[in-house]
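Enquirer:
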Amino acid sequence: MYTPRVLVTGAAGRIGQHVVAALAAAGHAVTGLDARAPLSPVAGVRYVTGRLEELTPTDAVFDDVDAVIHLGALMSWNDTEAAAMVDSNVTGTFRLLESVARRPLRRFVFASTGEVYPELTPVYLPIDEHHPRRPTSYYGMTKALGEELVRFYERKHGLPAVTLRFSHVQDPEELLDPESFFSGPRFFLSRRIARERAAGNERSAAALAAHTDGDKDALIAATREDGMPVRMGILAASDMATAVLLALESPRAVGQTLGVGPDEPVDLAELAREMGRRTGLRVAEITVPDTAANYWTLNARARELLGFRPALRYDDMVDRAVTAWAARSA
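In case it helps, full-length UniProt numbering puts the sequence shown at residues 1 to 330.
Laid out in structure tokens, this is it:
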């Protein structure tokens, strides 16, 4: 295993903070680039605050860099932020590639997403890397364009790149945090109602409000109208960081596009019921439209080519979520 000098974009993010910590612990020289400063800086990491779309090839941030892990991106499902996502995720990726592709890089790791398929409207299940790319969100579209940019620089400049299509990623401690961007509206009824109202879906919000019973902390156990479970894969951020480092190190990764996620999906209603049982929080059984998530993606190629194995099972994630919830409650 070589120890390159690594530039990590998105270093202050959910996955980035785990990646830079693991790289530093392994003895790598790490530069972390992000639009915002990290909440908990990792000792020994050089942090630079800046925006991807403003990069130039002569920026000092590229000095002596021989590997890049490109995690930085703007993610939103709000169509009003489309232009900002194009600036960050497309122009920013172009600026980064222009700045590093002619350097003698050992590896360029690009973080893409399952939204390029997209997972919510699969053509077939389980989803693999050969699934058609038909993004329906601006975020998914910008990531599909990012993939094409990486492939172009592979062809034109021989860039030794690997693209990872991330599944849904969270820190386990977020699962029972009502303020979590992902888990708040996914598991907490009051947060789901607030999100529906913010989107102008008053009818949906009113239907959900009938289940509150005056309990703002009630959890949601959702089933689709067609009787199918609301199901998806959730991977711990620390496990995704492991996959990123394997992609950085493995010779077999070069030129590959690999889906990275958990070994199997989880029924979100079953997960909510278990968290309710462990915490004493009331669980509201609700029915949601057939458009709700019901998919799973394969990690077989990442297991084969990278040796990737998730360390945290769903039981482990619930244990950590409950511990974090108890600490916040205390």
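Even for Gly, the Cβ is constructed at its ideal location relative to N, Cα and C.
Buried or exposed for arginine 291, please, with buried defined as at least 16 other CB atoms from any protein chain shown within 10 angstroms of its CB.
Expert: At residue 291 the sequence reads threonine, which differs from the arginine that was named. Exposed, because fewer than 16 other Cβ atoms sit within 10 Å of the Cβ of threonine 291.
Enquirer: Could you name each continuous beta strand (DSSP E) segment of 3 residues or more that falls completely within the stretch 233 to 293, going from the start of the chain to the end?
Expert: The stretch 233 to 293 contains these whole beta strand (DSSP E) runs: 234 to 236, 257 to 260, 283 to 288.
Enquirer: Can you round the beta-carbon distance between alanine 84 and phenylalanine 187 to whole angstroms, since I take them to be within the 8 angstroms contact cut?
Expert: No, alanine 84 and phenylalanine 187 are not in contact; Cβ-Cβ is about 28 angstroms, not under 8 angstroms.
Enquirer: Between which two residues does the beta strand (DSSP E) containing leucine 164 stretch?
Expert: Unbroken beta strand (DSSP E) run through leucine 164: 161 to 166.
Enquirer: Please specify which runs of the beta strand (DSSP E), each continuous and at least 3 residues long, are wholly inside the stretch 105 to 131, giving them in chain order.
Expert: The stretch 105 to 131 contains these whole beta strand (DSSP E) runs: 107 to 113.
Enquirer: With a 10 Å radius around its C-beta and 16 neighbouring C-beta atoms as the bar for buried, classify asparagine 89 as buried or exposed.
Expert: It is buried - the Cβ of asparagine 89 has at least 16 other Cβ atoms within 10 Å.
Enquirer: How is tyrosine 47 classed by DSSP in three states: helix, strand or coil?
Expert: It is a strand residue.
Enquirer: Contact between the stretch 235 to 248 and the stretch 55 to 63 is defined here as three or more beta-carbon pairs at a separation below 8 angstroms; is this criterion met?
Expert: At 8 angstroms Cβ cutoff, the stretches do not touch.
Enquirer: Buried or exposed for lysine 216, going by 16 or more other Cβ atoms inside 10 Å?
Expert: So lysine 216 ends up on the exposed side.
Enquirer: Starting from threonine 93, trace the alpha helix (DSSP H) in both directions and tell me its first and last residue.
Expert: Residues 92 to 100.
Enquirer: For glutamate 173 and arginine 320, what's the separation of their Cα atoms in angstroms?
Expert: Glutamate 173 and arginine 320: Cα-Cα distance of roughly 6 angstroms.
Enquirer: Helix, strand or coil: which one does DSSP assign to residue 331?
Expert: The requested residue 331 is not part of the displayed model; the chain covers only 1 to 330.
Enquirer: Please list the segments of the alpha helix (DSSP H) lying wholly inside the stretch 170 to 228, counting only runs of 4 or more residues, in order along the chain.
Expert: You should have 183 to 187, 189 to 198, 202 to 209.
Enquirer: With H, G and I counted as helix, E and B as strand and the rest as coil, what does DSSP make of histidine 28?
Expert: Residue state, collapsed to three classes: coil.
Enquirer: Report the partner residues of aspartate 319 according to the DSSP bridge assignment.
Expert: According to DSSP, which records beta bridges pairwise, aspartate 319 is partnered with nothing at all.
Enquirer: Using CA atoms only, rank isn't needed, just tell me which of Thr31, Gly16, His18 is closest to proline 4.
Expert: The candidate whose alpha carbon is nearest that of proline 4 is Thr31.
Enquirer: Would you list the one or two residues that DSSP bridges to leucine 33?
Expert: Partner(s): Thr9, Val48.
Enquirer: Counting Cβ pairs, one atom from each stretch, are 3 or more of them under 8 angstroms apart for the stretch 96 to 107 and the stretch 129 to 136?
Expert: Verdict: no, contact absent.
Enquirer: Tell me, to the nearest whole angstrom, how far the beta carbon of leucine 298 is from that of glycine 259; I am working on the premise that it is less than 8 angstroms.
Expert: The Cβ separation is near 6 angstroms, so the contact holds.
Enquirer: Taking only the alpha-carbon atoms, compute the straight-line gap between phenylalanine 108 and valine 162 and give it to the nearest angstrom.
Expert: Approximately 6 angstroms between the Cα atoms of the pair.
Enquirer: Taking 8 angstroms as the cut-off, decide whether the C-beta atoms of leucine 246 and leucine 159 are in contact.
Expert: Taking 8 angstroms as the Cβ cut-off, leucine 246 and leucine 159 do not qualify as a contacting pair.
Enquirer: Does the separation of the CB atoms of histidine 168 and methionine 232 fall below 8 angstroms?
Expert: Against a cut-off of 8 angstroms, the Cβ pair of methionine 232 and histidine 168 comes out as a contact.
Enquirer: Whose C-beta lies closer than 8 angstroms to the C-beta of threonine 223 among residues of the same chain, with five residues either side of it excluded?
Expert: Excluding sequence neighbours, threonine 223 sits near Pro229, Val230, Ala269, Glu285, Ile286, Thr287, Val288.
Enquirer: In terms of residues, what are the limits of the beta strand (DSSP E) holding alanine 67?
Expert: Element bounds for alanine 67: 67 to 70.
Enquirer: Go through its chain and collect everything with a Cβ distance to serine 204's Cβ below 6 angstroms, but skip five positions before and after it.
Expert: Excluding sequence neighbours, serine 204 sits near Glu196.
Enquirer: Quick check on DSSP: helix, strand or coil for arginine 303?
Expert: Looking at arginine 303 - three-state DSSP - the assignment turns out to be helix.
Enquirer: Are methionine 275 and leucine 176 touching if we call contact CB-CB under 8 angstroms?
Expert: Against a cut-off of 8 angstroms, the Cβ pair of leucine 176 and methionine 275 comes out as a contact.
Enquirer: Where does the unbroken alpha helix (DSSP H) through threonine 142 begin, and where does it stop?
Expert: Unbroken alpha helix (DSSP H) run through threonine 142: 138 to 157.
Enquirer: Please go through the same chain and pick out, in chain order, the residues whose beta-carbon is closer than 7 angstroms to the beta-carbon of glycine 10, but skip the five residues on each side of it.
Expert: So the qualifying residues of the chain are Gly16, Asp34, Leu71, Gly72, Ala73.
Enquirer: In or out: glycine 261 buried (at least 16 other Cβ within 10 Å) or exposed?
Expert: Under this definition glycine 261 is a buried residue.
Enquirer: Can you check whether the CB of leucine 52 is closer than 8 angstroms to the CB of glycine 13?
Expert: Against a cut-off of 8 angstroms, the Cβ pair of leucine 52 and glycine 13 comes out as no contact.
Enquirer: Provide the residue span of the alpha helix (DSSP H) that contains alanine 83, from first to last.
Expert: First-last of the alpha helix (DSSP H) with alanine 83: 82 to 85.
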